[in-house]
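Step one of this worksheet: look at the structure below.
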Amino acid sequence: MLKLIIVESPAKARTISRFLGNEYTVSSSYGHIRDLPGSASEIPAKYKKESWARLGVNPEANYEPIYVVSKDSKKQVAELKKLLKNADEILLATDEDREGEAISWHLLEVLKPKVPVRRITFHEITRGAIEEALANPREVDMQLVRAQEGRRILDRLFGYSLSPVLWKKVRTKLSAGRVQSVAVRLVVEKEEERQAFHVAEYFAVEATLQAADLPFTARLTNLDDTKLAGSKDFDPDTGMLKDPAKRVHLREAEAKALAAGARDAVPWTVTGVTRKESIQRPAPPFTTSTLQQAASGRLRMPPQRVMRVAQRLYEGIALGGGRRDGLITYMRTDSLTLSEKALAEAEDLIRAQFGPEYTEGPRRYKTKSKGAQEAHEAIRPTVLSRTPEEMRPYLDSEELAVYSLIWNRTVASQMANAKLDKTAVDLSTTAEGRQAVFRANGSIVRFPGFLRVYGDRGRDTLLPDLHEGMKIGGSQAGEAAADSPAVSIQSVEPLQHTTQPPARYTEASLIKKLEEEGIGRPSTYATVISTIQTRDYVAKKGGALLPTYIGIAVTHLLRQHFKTYVDLGFTALMETELDLIAEGKFDWTEFLDRFYHGSEDNARGLEKAIAEELPKIDFPRIKVGDDPKTGHPIVLRIGRNYAYVQVEGDEDRSATLPVDLLIDELTPDKALELIKARDKSREPIGRHPETGQNIYSLTGPFGPYLQLGEPEGDKKPKRISLGKGTDQSHIDLDYALRLLSLPREIGTDPETGKPVRAGLGRFGPYVERARVFVSVDSVDTLFTIGLDEALEKIRNKNKKTVLKELGTHPESGEPLQVLKGRFGPYVTHNKVNATIGKERDPEDVTLEDALALLAEAAKRKGKGKKKVAKKKTTKKKVTKKKVVKKKVTKKKTTKKAVTKKATGTAEEGGAD
């Protein structure tokens, strides 16, 4: 009796197959096998003339969806049907979340099996978990399926309805997304908060003291029993103190006088010593969002890459000797729960490695995030005894970093609290006729507790042994009062501070905000963060997220005309109702109807809202400031291709914005500077002596450039980039003529017969042969470089570029690497090359993946040689070879399919 197990990915299939006998065949669907139509060409002919066809959903027939098997999935569906012919039972083993449940349902709908079908789930890929799942099969949970289907259709209605509004009123090819647009709104509004912020200056006074070889500091906290103002005491909208009666706003002159007075007013008196025990508790184990936040902060790893690495750890890692195991539990979860088995395992490990005093029994955490599903488990190692150090030989650097993060967090979450002794010492003196109190703070880690896991022992801040009534002071220890320890005042200095605007979101803090607001779910956070950047709504500067001009314009439009649909509360309510659908407590068609057609609490519905609002929408205009000469507003507008600034009332006074000029740099002065530069550039540098055409020095969205002549109809004039940062005021006619003579033909490559040229492009000066470009040091080099030097640079570029070190080949011991090739990344060994595929991230490739690809490539290479010798046999073998080849090819294209699963389609905004 043959049982067919279907999972999502080949890696997961490989791991599971290691645990099972010959009566099982494990194959994969490569993610979703069908979805709503992604384009007009995918809509079946019988629906094309329907008014709702472009949506892929019929809102007038209970939101009946059109599902189509994607082009990428057709081959794999055929392969699954072929396997099904020999199967007596199907076991659907897709992920345990809503997406996984939906994949199982779609497999049933497409494969239409006539044999028994069971659904099995597990949250870790280990022998024990698989055996337990096989012993406890169930049916496909249609409530979970309906929740996923409801989300998918909701996102389609949102994206396909609102995106055309953006095409008409902002720019073509833009997209709106239910969660994506709210995330962009958060980033935009954070920038608006920063722009509205009023900076306040205030001062502090700090004393440096010395007791023997122990330096410490004390800061002025009170003047005449009134506390000094800190940053939180100022109003961000006015820059003024919120409550002047309760706080002293120390300014520069007063701070300097107090510092000088306190320095001379010795001895000081110890007027208070407070000691207390402080408890520091460990953080709970990781959820999806907290893992992404921690990896972003500590490893500088973007959320999507974190999830790719975690996926590999979950699906299985080769551990040598033919063993392969999943190293962590399922990585898309919002639960803080650990299984009883994991709790017991953690306690045993802690007792053995750290001692019995480091455990206080099992810690059970309850999540605070909205809509969390406690039935799932937090992210943890599947076997805690597998320490990061033991796993080091089997993991690449990123896998090891993420595994270490998860292992440490899991173990720490079950350890005893850290205990600290904290001491606060108040030192009083009289300065400028006022009672001044300085405070010194110290702390000692009395018991490290969970901090031992992190090797964190350097947290002590020591203070000398001081008690009330002691007198201290004098610039030298010997000048101290008789009853004082040898404590001297080394310096007393004023310190300048300014209040800071609210910090911009980072990828990690934006995920945290979305989770706090109940927007999105574990499976969507990484995709949302990636989508808003790839679609140019948000840009990253350092680690901070800033809105682009497009992001600001889209947010202004949606907030003004479709406020409900980018409202945090409304979006969170949608998530809550989807959770209720998953629990069988809410009807999914009613849910969609209220959203699209309206109800008492959402009277218009999206369909009617668009019909009513569209005629009212003007093209976005965002005020930057005012022209000081005319008083006219300076506004930002979105053009067909680029953003530009304009002085209203004078359409000629405008300038295209450079693509790398972000909103934080666009001040009224900068806008006027760009407009002035554009006005000046309208005057030609001179005329070309041969053609008589004018030569202009201009600035475009990608930086400064030279232009020969003016556009004539569809014919564009010759242009040459000058490179970013070029001072255009120094470009005269002679220099411009030299640059316009480029590209310069240096000579011919004697080996290939191809011409070698020197030129100037958007990314600076270069030499080129047959579309292979190599940067050179300076523009002047373009006119002096010889053929030999140019060819050497080009040949050096063609040397192998290593994209990732994979380890050593188990048979030859030679290093295996992912290399950069002309047709994409590849691996090579013993004269056999295996292409990875351009669409696959080289970082995702493991040593086992490389060995499998090389084995398949070697088979193809070998069978090709046998083709003539054994024609009949070869024919059969070739057929078999093609099946294998389809699998490999499918794997390469699956990256697109899986991404589509997570992000939706380009038109609808994708992320939720």
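Residue 1013 in our numbering is what sits at position 419 of the sequence shown, and the numbering runs on without skipping anything. Just so you know, even glycine gets a beta-carbon here, dropped at the ideal spot from N, CA and C. Every value quoted in this text rests on a predicted model; they were computed, and no experiment measured them.
Between the options, which lies nearest to residue i when the distance is taken from Cα to Cα?
i: V1132; options: V1148, S1117, A995; result: V1148
i: K1310; options: L1300, L1316, N616; result: L1300
i: V1350; options: E1339, P1359, P1436, S1315; result: E1339
i: D691; options: H970, E654, Y1190; result: H970
i: G824; options: K1157, N656, R788, A794; result: A794
i: L1302; options: E1383, S1335, L1268; result: S1335
i: A729; options: R1188, F716, E1437; result: F716
i: Y1508; options: E954, G916, Q947; result: There is no way to answer for residue 1508, as the model of the chain reaches only from 595 to 1506.
i: S603; options: L678, T1422, I627, L1441; result: I627
i: G1145; options: I1204, R1215, K1107, T1121; result: R1215
i: M985; options: G914, S769, A940; result: G914
i: E726; options: L1256, G744, A1010, L614; result: L614
i: L1354; options: A1330, E1345, P1344; result: A1330
i: Q874; options: S1037, D1020, T882, A938; result: S1037
Would the beta-carbon of residue i fall within 7 Å of that of residue j?
i: V620; j: S611; result: yes
i: E1088; j: F1367; result: According to the sequence as given, residue 1088 is Pro; it is not Glu. No, the Cβ-Cβ distance between P1088 and F1367 is not below 7 Å.
i: T981; j: L930; result: no
i: E1062; j: V864; result: yes
i: V711; j: I684; result: yes
i: A1509; j: V1081; result: As shown, the chain starts at 595 and ends at 1506. That puts residue 1509 outside it, with no answer to give.
i: H843; j: L835; result: yes
i: K1414; j: T1395; result: yes
i: Q1008; j: R957; result: yes
i: E693; j: G920; result: no
i: K1210; j: V1229; result: no
i: V739; j: A696; result: yes
In angstroms with no decimal places, state the Cα-to-Cα distance between residue i and residue j.
i: L1162; j: P861; result: 58 Å
i: I944; j: A877; result: 16 Å
i: Q905; j: G625; result: 13 Å
i: F1213; j: G1178; result: 44 Å
i: A1463; j: R918; result: Residue placement at A1463 cannot be trusted, given a pLDDT of 40 that sits under 50; what the coordinates show is reported in the next sentence. Cα-Cα distance, rounded: 39 Å.
i: I724; j: K597; result: 14 Å
i: P1283; j: T1320; result: 24 Å
i: L1140; j: G1280; result: 41 Å
i: T609; j: V1439; result: 16 Å
i: P574; j: L1251; result: Outside the shown range of the chain (595 to 1506) lies residue 574, about which nothing can therefore be said.
i: I1105; j: P1116; result: 10 Å
i: K821; j: P1095; result: 23 Å
i: R648; j: G1199; result: 19 Å
Can you tell me whether residue i is helix, strand or coil according to DSSP?
i: Y796; result: strand
i: I1123; result: helix
i: L1240; result: Reading off the sequence shown, one finds Gln at residue 1240, where the question assumed Leu. DSSP places Q1240 in strand when its eight states are reduced to three.
i: A1034; result: strand
i: Q1287; result: coil
i: W1568; result: Given that the chain is displayed from residue 595 to residue 1506, the structure contains no residue 1568 and the question cannot be resolved.
i: F880; result: strand
i: G1067; result: coil
i: E812; result: The question names Glu, but residue 812 in the sequence shown is Ala. Strand at A812.
i: L921; result: coil
i: Y1329; result: helix
i: Q804; result: strand
i: S929; result: coil
i: A1133; result: strand
Hey, quick one: how far does the alpha helix (DSSP H) through residue i stretch, first residue to last?
i: I1105; result: 1101 to 1110
i: N1390; result: 1381 to 1391
i: P897; result: 897 to 909
i: K669; result: 665 to 678
i: P604; result: 604 to 611
i: V1370; result: That residue, V1370, is in no alpha helix (DSSP H); it is neither H nor E in DSSP.
Since residue i is in the beta strand (DSSP E), which residue starts that stretch and which ends it?
i: E1339; result: 1338 to 1342
i: K1398; result: 1395 to 1402
i: D1015; result: 1012 to 1025
i: T821; result: Residue identity differs from the one stated: residue 821 is Lys in this sequence, not Thr. Its beta strand (DSSP E) spans residues 820 to 822.
i: Y997; result: Counting along the chain, Y997 falls outside any beta strand (DSSP E), though it belongs to the alpha helix (DSSP H) covering 991 to 1007.
i: H1155; result: Run containing H1155: none in the beta strand (DSSP E); it sits in the alpha helix (DSSP H), 1143 to 1155.
i: D1220; result: 1215 to 1220
i: Q1094; result: No beta strand (DSSP E) contains Q1094, which DSSP labels as neither H nor E.
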